[in-house]
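Have a look at the structure below, then the notes.
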Amino acid sequence: MGNPVRVRFAPSPTGYLHVGGLRTALFNYLFARHQGGKFVLRIEDTDQSRKVEGAVENLVETLHWAGIHFDEGPGTDGAFGPYVQSERLAVYQERARQLVEEGNAYFCFCTPQRLDEVRRRQLAMKLSPSYDRHCRNLSAEEAAKRREAGEPSVIRMKMPNDGEMTFDDVIRSKVTIAYKVLDDQVILKSDGFPTYHLAVVVDDHLMQISHVIRGEEWLPSTPKHLVLYKYFGWQPPVYAHLPLLLNPDKTKLSKRQGDVAVDEYRSKGYLKEALVNFVAFLGWNPGDERELFSLDQLIGEFSLERVGKSGAVFNIEKLNWMNAQHLRMKDDREVLVLLKEYLEQHPLNGNKEFADDYLLGVVSAMRERVVFVKDFVEKSPYFFKPPADFDPAVVKKRWKHETPQLLRDYMKALSSVENPFKKEDYELTLRRTVETVKKAPGELIHPLRLAVSGVGSGPGLYDILALLGREETIRRINVALEKLS
RNA sequence: GCCCCCAUCGUCUAGAGGCCUAGGACACGAGCUUUUCAAGCUUGGAACACCGGUUCGAAUCCGGUUGGGGGCACCA
């Protein structure tokens, strides 16, 4: 066995957790747990201009909601903190200075305007934009003099002039890039903050990260990181670059084309189980035909070897299906808890309280027919309040001349039954009622459903009646009679 | 423009040279079941981007083409 497995999820706190971020976090988490390693959360807030108030808290909260818990991170200190990069400035500055002293980096005094001009010129000449290394050969003395004079500067790393680098990636095997297409990257900005490239290398090393599992957008800059490892004389981690999550038009997943924030899915009523399961299958699969997994099962099965290379479109239809599946896997009691939560947050008119037993009845009647918890209310509102109106199409189809009489007969029969409190009693009574007048059951069943629910579809009629109870059933029939006759 | 990555049904994917007249899932169509709607079951249509090689044999290996994506900041 080699070094202990330590992985990290390192988002920048720009507001909310993106589903792509969730996927990256999840893969890191699954890998860590499967391997018996540690999962670290590190906040990459080295761009002051992109700071968003409360973003870290929100990020952590969302991760926890999804069931992804970190072993070390902000507020959960391990031996390698702090885990927020803006609190580690001195570390980066010292390392940057070391690089300068050893001749692997240099001070650069070029102004943003000059850089801009250079870039424009290069573009005009159809060259790829990169720093022209104007300050690379400044003497140490001159650099010191200009810095003392108060001239703003950054530190750039020196890229080798020629040759190429080949590195291994668990997902893509070997990747080769020529040094000459790589820039003398800024590693320390003029405000004293590091750029991503320096911070990520220093922190991953100091935090003893064994595997870097991150999005494919980092693949082209990995050689820069590797060069830094070489300059520092450190052993680089194992890299695994995950395929991107895509919009339906195959571009990199972004808002404008649907929801992208985990919070949005959460508030739309997606179960964390479904979202996690779904996102895990974007780029990974267990190799057989199972696809419904709990988080624990994912941990048990996950491996980087089974991660694919090509981007995956975020397909909401399948997510919906998975949500329904996960909802069905829960027993009635668990669903009851979710339903009560929903009811609390979305009070019906009159704020009526419903007994657990009643709600449990609704759950078992509707569970095969819902995708979201909210559907219990939205797809069968008649369980929560009497129908305000009646579906005209159904009225037209089912409400016949003889209907009112049939309904009256049924009410009468119901009233005379001793104890019509069981589902079977509603059915028996109905069959007897139609038999006496020589009608088909359907001639009463359909209008009766319409009368009590206002619509033409739903759970078994007798389930509805039994839940509503005799009194309410009769009340609703009378209202329907009044409104529809 | 330059560099890197990728390429199987509309979508997510299985497939690591013969088991592939390419399997599963979502979505879609049909049927069965049923008091309705779902669910369930059965079933249908639907893909190896293209061209060359290698090989007795290629979705699988190699090369090229095309297509798509990503990256080229004092952003991550």
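So for the first sequence, this note's numbering puts the first residue at 1468; every next one is plus one. No residue lacks a Cβ here, since even glycine has one placed at the ideal position from N, Cα and C.
Taking DSSP as the reference, what is the three-state secondary structure of LEU1693? Here LEU1693 sits in helix by DSSP.
Tell me the DSSP secondary structure of ILE1941 in three-state form. helix
Measure the C-alpha to C-alpha separation of MET1468 and PHE1506 and round it to an integer number of angstroms. Note on MET1468: pLDDT 48, under 50, position unreliable in the model; no value is reported.
Taking the beta carbon of MET1624 as the centre, do at least 16 other beta carbons fall within 10 Å, making it buried, or is it exposed? buried
Rounded to a whole number of angstroms, what is the C-alpha to C-alpha distance between PHE1843 and VAL1780? For PHE1843 and VAL1780, the distance between alpha carbons rounds to 30 angstroms.
Would you call the CB atoms of VAL1523 and THR1481 closer than 8 angstroms? no
Round the Cβ separation of PHE1760 and LEU1497 to the nearest angstrom and send it over; I've been treating them as touching at under 8 angstroms. Wrong, their Cβ atoms sit about 10 angstroms apart, outside the cutoff.
Assuming VAL1727 and VAL1486 make a contact with CB atoms under 8 angstroms, what is their CB distance in whole Å? 6 angstroms
Once the 5 residues before and after ASP1930 are set aside, which same chain residues still bring their CB inside 7 angstroms of it? Result list for ASP1930: ALA1832 and LYS1890, in chain order.
I'd like the ranges of any alpha helix (DSSP H) spanning at least 4 consecutive residues and lying wholly in the region 1570 to 1628. 1579 to 1591 and 1607 to 1615
Is there contact here, the region 1641 to 1660 with the region 1557 to 1569, by at least three beta-carbon pairs under 8 angstroms? yes
Sorted by chain position, which residues of the same chain lie with C-beta nearer than 8 angstroms to GLY1682's C-beta, five sequence neighbours on each side aside? GLY1487, THR1491, HIS1708, LEU1709 and LEU1711
Given 8 angstroms, three or more beta-carbon pairs between the region 1607 to 1620 and the region 1567 to 1579: yes
Would you mind giving the Cβ-Cβ distance between LEU1881 and THR1896, rounded to the nearest angstrom? I have them listed as a contact below 8 angstroms. 6 angstroms
Assigned secondary structure, HIS1678 (DSSP; H/G/I helix, E/B strand, else coil): strand
With distances taken between CB atoms, is the gap from VAL1474 to GLY1504 smaller than 8 angstroms? Yes. Within cutoff.
Less than 8 angstroms between the C-beta atoms of GLY1923 and ARG1836, yes or no? no
Exposed or buried, ASP1512, counting other C-beta atoms within 10 Å across all chains shown (16 or more means buried)? buried
Among LEU1827, GLY1548 and GLU1608, whose alpha-carbon lies nearest the alpha-carbon of VAL1669? GLY1548
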